[in-house]
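Peer 1: Mind having a look at this structure? Questions to follow.
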Amino acid sequence: ACDALQMALWRRKRPRNVIVHTDRGGQYCSADYQAQLKRHNLRGSMSAKGCCYDNACVESFFHSLKVECIHGEHFISREIMRAT
(Lines of atoms letter the chains of each structure in order from A and count residues from 1; the text may use other names and numbers.)
(Lines give C-alpha, C1' and ligand atoms only; values in the text may rest on other atoms or scores of the structure.)
Protein backbone atom coordinates (compact mmCIF):
# COMPACT_ATOMS: atom_id res chain seq x y z
CA ALA A 1 0.00 0.00 0.00
CA CYS A 2 2.84 2.38 0.81
CA ASP A 3 4.50 1.67 -2.54
CA ALA A 4 1.24 2.26 -4.43
CA LEU A 5 0.68 5.54 -2.61
CA GLN A 6 4.24 6.64 -3.34
CA MET A 7 3.78 5.80 -7.04
CA ALA A 8 0.54 7.80 -7.17
CA LEU A 9 2.25 10.78 -5.55
CA TRP A 10 5.15 10.57 -7.98
CA ARG A 11 2.85 10.41 -11.00
CA ARG A 12 0.71 13.32 -9.88
CA LYS A 13 3.56 15.65 -8.92
CA ARG A 14 2.61 16.68 -5.37
CA PRO A 15 -1.16 17.00 -5.51
CA ARG A 16 -2.86 19.40 -3.10
CA ASN A 17 -6.05 19.05 -1.03
CA VAL A 18 -6.26 15.29 -1.63
CA ILE A 19 -8.45 12.87 0.31
CA VAL A 20 -7.26 9.26 0.10
CA HIS A 21 -10.24 6.95 0.71
CA THR A 22 -9.63 3.30 1.55
CA ASP A 23 -11.32 0.41 3.27
CA ARG A 24 -10.24 -0.55 6.79
CA GLY A 25 -7.59 -3.04 5.68
CA GLY A 26 -4.61 -3.52 7.95
CA GLN A 27 -2.20 -2.07 5.40
CA TYR A 28 -4.12 1.24 5.44
CA CYS A 29 -4.33 1.37 9.24
CA SER A 30 -0.60 0.70 9.66
CA ALA A 31 1.64 3.29 11.27
CA ASP A 32 3.83 3.39 8.13
CA TYR A 33 0.91 4.18 5.81
CA GLN A 34 -0.58 6.75 8.17
CA ALA A 35 2.84 8.42 8.54
CA GLN A 36 3.18 8.57 4.75
CA LEU A 37 -0.21 10.29 4.48
CA LYS A 38 0.82 12.81 7.11
CA ARG A 39 4.25 13.40 5.56
CA HIS A 40 2.64 14.35 2.24
CA ASN A 41 -0.21 16.38 3.78
CA LEU A 42 -2.85 13.95 2.54
CA ARG A 43 -6.13 13.46 4.34
CA GLY A 44 -7.00 9.84 5.05
CA SER A 45 -10.59 8.63 4.87
CA MET A 46 -11.81 5.11 5.65
CA SER A 47 -15.05 3.25 5.21
CA ALA A 48 -17.18 2.92 8.31
CA LYS A 49 -16.58 -0.25 10.29
CA GLY A 50 -18.91 -3.00 9.14
CA CYS A 51 -20.50 -0.87 6.40
CA CYS A 52 -20.02 -2.68 3.11
CA TYR A 53 -22.10 -0.07 1.28
CA ASP A 54 -19.51 2.73 1.54
CA ASN A 55 -17.60 1.51 -1.52
CA ALA A 56 -20.39 -0.35 -3.32
CA CYS A 57 -20.46 1.90 -6.41
CA VAL A 58 -16.70 1.81 -6.91
CA GLU A 59 -16.51 -1.94 -6.30
CA SER A 60 -19.29 -2.49 -8.84
CA PHE A 61 -17.54 -0.30 -11.42
CA PHE A 62 -14.21 -2.12 -11.12
CA HIS A 63 -15.96 -5.49 -11.24
CA SER A 64 -17.64 -4.50 -14.52
CA LEU A 65 -14.39 -3.13 -15.91
CA LYS A 66 -12.52 -6.35 -15.15
CA VAL A 67 -15.25 -8.61 -16.53
CA GLU A 68 -15.74 -6.62 -19.73
CA CYS A 69 -12.16 -5.60 -20.52
CA ILE A 70 -9.65 -7.78 -18.72
CA HIS A 71 -10.87 -11.28 -17.86
CA GLY A 72 -10.02 -13.76 -20.59
CA GLU A 73 -7.52 -11.42 -22.24
CA HIS A 74 -3.76 -11.90 -22.41
CA PHE A 75 -1.64 -8.77 -22.60
CA ILE A 76 2.04 -8.88 -23.51
CA SER A 77 2.81 -5.73 -21.53
CA ARG A 78 1.18 -3.09 -19.34
CA GLU A 79 1.60 -0.54 -22.09
CA ILE A 80 -0.45 -2.65 -24.50
CA MET A 81 -3.09 -3.25 -21.85
CA ARG A 82 -3.35 0.48 -21.12
CA ALA A 83 -3.67 1.29 -24.83
CA THR A 84 -6.52 -1.20 -25.25
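Whatever position you read off the sequence shown (first residue = 1), add 19 for the numbering used here.
Each residue gets a CB set at the ideal place from its N, CA and C atoms; glycine is no exception.
On a predicted model such as this, the values are computed, not experimentally measured, just so you know.
(1) Indicate whether Ser-106 and Ile-38 have their beta-carbon atoms separated by less than 7 Å.
(2) First and last residue of the alpha helix (DSSP H) that includes Ile-38?
(3) Thinking just about the alpha-carbon of each residue, which of Arg-31, Ala-20, His-82, Lys-85 is nearest to the one in Arg-43?
(4) In angstroms, rounded to a whole number, what distance separates the CA positions of Leu-61 and His-40?
(5) Determine the closest residue to Leu-28 out of His-59, Asp-51, Tyr-52, with distance taken between C-alpha atoms.
(6) Quick one: give me the first and last residue of the alpha helix (DSSP H) that Arg-97 is part of.
(7) Let me make sure I understand the geometry here. Which of Tyr-72, Ala-23, Ile-99, Arg-30 has the alpha-carbon closest to that of Tyr-18?
Peer 2: Let me spell this out:
(1) Outside the shown range of the chain, which is 20 to 103, sits residue 106, and nothing can be said about it.
(2) From DSSP, Ile-38 is part of no alpha helix (DSSP H) but of the beta strand (DSSP E) over 38–41.
(3) Comparing Cα-Cα distances from Arg-43 to each of Arg-31, Ala-20, His-82, Lys-85, the minimum goes to Ala-20.
(4) Within the model, the alpha-carbon separation for Leu-61 versus His-40 is close to 10 Å.
(5) Closest by alpha carbon: His-59.
(6) Counting along the chain, the alpha helix (DSSP H) containing Arg-97 begins and ends at 97–102.
(7) The question about residue 18 has no answer here: the residues shown for the chain are numbered 20 through 103.
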